[in-house]
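Undergrad: The structure follows.
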Amino acid sequence: MADEFEALSAAEAAGMRPQMGAAARDLEAVYDIPVQVSAVLGRATMQVSQLLKLGRGAVVELDRKLGEAVDIYVNNRLVARGEVVMVDDNRLGVTMTEIVKADRMG
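Residue numbering for the sequence shown follows the working numbering, starting at 1304 and increasing by one per position.
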């Protein structure tokens, strides 16, 4: 029993996970692939002439209401919705509140 425990500990120390199935080990290959995550507060459509007239302090009205969930995209694919939160004194983050099902992704 002690030898079995030592062998298991040695395998874990070497980065191997004996309890993991082949499918899970295959999935580990994608863990280090970088993805782009975006949180979209809202969208607006305007003509180029309107865009060029914008100056400092201009307000662009978005298609969302105050307090409405933001869309969370991974590699330009909608995956979740969430709420904007304060992370530090001067940084924003997003808390996921809903995972978007595959059939609703667009």
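Note that CB positions come from ideal geometry on N, CA and C, so glycine has one too.
Return the CA-CA distance between residue 1353 and residue 1341, expressed in angstroms with no decimal places.
TA: As a first step, residue 1353 must be located in the sequence shown, where it is residue number 50. As a first step, residue 1341 must be located in the sequence shown, where it is residue number 38. Roughly 26 Å separates the two Cα atoms.
Undergrad: Below 8 Å, how does it come out for the region 1382-1394 and the region 1354-1366: are there three or more Cβ pairs, yes or no?
TA: Verdict: no, contact absent.
Undergrad: Using the DSSP secondary-structure output, state which residues sit across from residue 1386 in a beta bridge.
TA: Within the sequence shown, residue 1386 is the residue found at index 83, counting from 1. Answer is 1398.
Undergrad: Grab the span of the beta strand (DSSP E) containing residue 1362 for me, first residue to last.
TA: Working through the sequence shown from its first residue, we reach residue 1362 at position 59. Unbroken run through residue 1362: none, as it is neither H nor E.
Undergrad: For residue 1344, which residues of its own chain have a beta-carbon under 8 Å away from its beta-carbon, when the five flanking residues on both sides are left out?
TA: What you label residue 1344 is simply residue 41 of the sequence shown in a count that begins at 1. Answer for residue 1344: 1365, 1367, 1373, 1387, listed in chain order.
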